[in-house]
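Residue numbers (the numbering used here): 23 to 1035. The structure under discussion appears below in the form of structure tokens.
And the structure:
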């Protein structure tokens, strides 16, 4: 019983500490007016050691505490009821006024919980009968551990409100410290101290609130489960100790030993594991472990920080002051030197002061870092400004959120404005872009704004080049590169673009581009000229070879004359091969040559080279020897023509370098990498040896231009081989390396162009079935040869001079075989073949065999001929045996018509080569002199037709007439006129009219003034 009946006792606050009636293992009825006095127990105290009323020592169980407060009748007292362990209900005068969970007689029926720090009751009339029901099965100690306070409501209510306000303020202060740490970390991610400090402040915030009014727990409801509350409290306690060590280590590097820091954090981490895995009645015993760890950490940190302070480490004293506040709080809690209210306040403020000490150190450190960064940033800005000025770049800084644009002085200078120009009223930059570029730049800019692939960072944009308008109305080309700064949603905050004046650079680049285009055009023209030259050379060669063949097949020809004709025919074929090789060498230089490997018998190639150079060797009294003599073929993966050409070149050079009486030896060494060695006596000049294979490198050779060894090595390397030279005092050796023929199935070389004997010259044509043949060619000499090639019987031959005539001939009489020239005036062979195939399909006729022929042997021409609908493509000149063998092959079932493809494979028109001089006199064949007047008159009429076509703008007619005139003029020997006609034909499509008028006039004057002899 507590007696407050003396006067004035009820006007102040009274702690209800003292002896309370104690009933163990019983919940006393709170409505009883009189409670039997069985035993008493002190309040506040833990009941672990109490043995009253038959209680055994220990924390678990349930009991009732009762107290009678005597006070004058008519007076009223209110109560402030603190939380107990671990479930409680308090009754006043039989009425429930405070509940903390639900006490139970067993662990299963008890529901421990926690609420506010204290509950303020309403006033009750005196006297007061207090009954408390308590149970504990979830903590290391139970009992009535905190004392209620009784007093007038006017005293208790303000005190309660003050305590709540204080706890709220302290909680807010802790939260501010926590959030500040995280904000600092987000602002400076490379600094980890703010992150650890924010975590430390958060842990202490939670721990302080768990020991205070538990405002954070109230967010989830008025009551929180005891296990949840206790686990949060212990977790935050041990986490704050570990984080404190880490923060100090980060603030004062090399002050704390890493091993000690790891040990302290490990000790705290171990305790947190125990808290996580065990119930509260177990891990609550860690309080002594935690206090020991905390004291050890505090002592060690204090000693090391004090040593750092003595060494002059800045801010160490601040940490020591904070730890002193913490020591005061711990001491007061341990000694319980003041009442609970003062103790809680001192503890809260001491912890706050303790937290402020690292916060102050961190703030000072960040302030110093910011000052350093500001200085560095100022220096960087100055450097950037210097760099920008050095690069002559103008800057446009566009604040997209405020729609403000800042033009740098250099950008204003680029646009022709004074640097002090006020740009505040300028519209968007698009208004200052050339109208021809404005839409493209605006579209690109809008696409950049819509692109949100980058968030919270900068995005670099593709550079652009366009024109800006200058103040004076001119334009300036600029190279623009931009970056945009993006927010967390990817929206543009700022858009910064740099501009470089590239007007002069662009002009230079355009000039270089024109030069490169001119060089490319020159290269193309060179190839076109070479192809035209080859075509013009091969046409008369075809006639020479064909005439020699026909004369040699004459039965009345004497043997010695036949041998001479055979030599002439073989020389013609060799010259033809050299013409074909000339353009290939240019392709080898440019790296565009297509290597077509064959199974080449090197033994035959070497023998043929030695045979062809035998005369030159004998003239210089030089012997040629092949060592050893092979009786079996030795095959290489190569091209026969290239092998022959490069070996002939190398052996020829060896003969020329060998003195009279010397021997040139050619050795063949089979193997996976085959080697052909050409040895000759003598040494290469030491000054020439390093550049032996260089282009135009020559020495001591009359008429030499230095292309022989250069082209020989080119031909070796395009065949996946090489050509090397070694020279000594007495011998020079050139070694050709080629790949041996492996398991790869390669075609053999085309049959050598060697004249056949007269006896075997005529193929067996009797086996051929009778066939109607249409021969189409604009060259009368070619028609004469083809008529000789196609005897009657079995062939019935009709001729046509151009494509249109061929189409008309097919309409009159359907042929079995068509031999079609590809290039003819008017309708060419490609179009004629296409029309024949079209008629064939439309009328359902049996497909005829079409053989396309041309002097062009390049891949493009062959592809065009076959794509038009031809069955075979023959390169002029060809032998009668080749033509008849083609007929036999197609007649035996190889004449299927290829799939039709569109004939859009037109090569670019060729520009004429460098202009030759126009001769005053032209020598022609004596047998043609009687035809010259009429021929020249027909050519002059063609010139007038050209002039009329140009006047009427009919460029197609101009091209056709000029091409036709060129063919006839060349055949009759008027080569300059033929060249001029081809020049007009080549420029007919795109040439300017004044130049074409001038070319036609020059041709007209030449044909009127030329003298024929």
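Every residue gets a Cβ at the ideal spot worked out from N, C-alpha and C, and that includes glycine.
Residue j beta carbon less than 8 Å from that of residue i
{"i": "residue 981", "j": "residue 1011", "result": "yes"}
{"i": "residue 371", "j": "residue 327", "result": "no"}
{"i": "residue 837", "j": "residue 815", "result": "no"}
{"i": "residue 890", "j": "residue 856", "result": "yes"}
{"i": "residue 384", "j": "residue 500", "result": "no"}
{"i": "residue 627", "j": "residue 651", "result": "no"}
{"i": "residue 504", "j": "residue 483", "result": "yes"}
{"i": "residue 177", "j": "residue 24", "result": "no"}
{"i": "residue 635", "j": "residue 670", "result": "yes"}
{"i": "residue 798", "j": "residue 825", "result": "yes"}
{"i": "residue 988", "j": "residue 973", "result": "no"}
{"i": "residue 247", "j": "residue 135", "result": "yes"}
{"i": "residue 427", "j": "residue 451", "result": "yes"}
{"i": "residue 884", "j": "residue 840", "result": "no"}
{"i": "residue 672", "j": "residue 734", "result": "yes"}
{"i": "residue 264", "j": "residue 287", "result": "yes"}
{"i": "residue 331", "j": "residue 349", "result": "no"}
{"i": "residue 954", "j": "residue 1032", "result": "no"}
{"i": "residue 165", "j": "residue 37", "result": "no"}
{"i": "residue 236", "j": "residue 138", "result": "yes"}
{"i": "residue 171", "j": "residue 143", "result": "no"}
Where the beta strand (DSSP E) containing residue i begins and where it ends
{"i": "residue 2", "result": "Past the edges of the chain, shown from 23 to 1035, lies residue 2, and the structure says nothing about it."}
{"i": "residue 699", "result": "695-703"}
{"i": "residue 95", "result": "Where residue 95 is concerned, there is no enclosing beta strand (DSSP E), given that its DSSP letter is neither H nor E."}
{"i": "residue 896", "result": "894-897"}
{"i": "residue 755", "result": "753-761"}
{"i": "residue 476", "result": "Segment: none, residue 476 is in no beta strand (DSSP E) and carries neither H nor E."}
{"i": "residue 747", "result": "744-749"}
Cβ distance (whole Å) where residue i is taken to contact residue j below 8 Å
{"i": "residue 616", "j": "residue 881", "result": "7 Å"}
{"i": "residue 481", "j": "residue 520", "result": "Actually they are not in contact, since the Cβ atoms of residue 481 and residue 520 sit about 15 Å apart, beyond 8 Å."}
{"i": "residue 45", "j": "residue 109", "result": "In fact, because the Cβ distance is near 16 Å, the residues do not count as touching under 8 Å."}
{"i": "residue 448", "j": "residue 516", "result": "Their Cβ separation, rounded to whole angstroms, is 18 Å, which puts residue 448 and residue 516 out of contact at 8 Å."}
{"i": "residue 607", "j": "residue 736", "result": "7 Å"}
{"i": "residue 107", "j": "residue 158", "result": "5 Å"}
{"i": "residue 631", "j": "residue 699", "result": "Not a contact, Cβ separation roughly 14 Å."}
{"i": "residue 156", "j": "residue 125", "result": "6 Å"}
{"i": "residue 875", "j": "residue 849", "result": "Actually they are not in contact, since the Cβ atoms of residue 875 and residue 849 sit about 16 Å apart, beyond 8 Å."}
{"i": "residue 1090", "j": "residue 95", "result": "Nothing in the structure corresponds to residue 1090, since the chain is present only between 23 and 1035."}
Extent of the continuous alpha helix (DSSP H) to which residue i belongs
{"i": "residue 674", "result": "662-679"}
{"i": "residue 163", "result": "Where residue 163 is concerned, there is no enclosing alpha helix (DSSP H), given that its DSSP letter is neither H nor E."}
{"i": "residue 179", "result": "175-209"}
{"i": "residue 636", "result": "636-641"}
{"i": "residue 67", "result": "No alpha helix (DSSP H) holds residue 67; DSSP gives it neither H nor E."}
{"i": "residue 1020", "result": "1015-1031"}
{"i": "residue 887", "result": "881-890"}
{"i": "residue 970", "result": "954-973"}
{"i": "residue 1004", "result": "997-1009"}
{"i": "residue 26", "result": "Counting along the chain, residue 26 falls outside any alpha helix (DSSP H), and DSSP gives it neither H nor E."}
{"i": "residue 1047", "result": "Past the edges of the chain, shown from 23 to 1035, lies residue 1047, and the structure says nothing about it."}
{"i": "residue 709", "result": "Careful: residue 709 lies outside any alpha helix (DSSP H) and carries neither H nor E."}
{"i": "residue 733", "result": "730-740"}
Residue i - partner residues in DSSP beta bridges
{"i": "residue 486", "result": "502"}
{"i": "residue 647", "result": "687"}
{"i": "residue 858", "result": "Residue 858 is not bridged to any residue."}
{"i": "residue 943", "result": "1033"}
{"i": "residue 622", "result": "658"}
{"i": "residue 875", "result": "843 and 896"}
{"i": "residue 283", "result": "Its beta-bridge partners do not exist; DSSP assigns none."}
{"i": "residue 2", "result": "This structure does not reach residue 2, given that the chain is present from 23 up to 1035, and the question cannot be answered."}
Closer than 8 Å to chain B by CB, residue i
{"i": "residue 236", "result": "Of the protein chains in the structure, only one exists, and it is not chain B."}
Point to revise | 4-residue-minimum alpha helix (DSSP H) runs that sit fully inside the region 298-331, ordered along the chain | key: 302-305
Going residue by residue through the region 102-174, where are the continuous beta strand (DSSP E) segments of at least 3 residues, counting only ones entirely within it? 109-114, 117-122, 140-142, 150-158 and 171-173
Q: Within the region 415-451, note down every full alpha helix (DSSP H) run reaching 4 residues or more, in order along the chain.
A: 431-436
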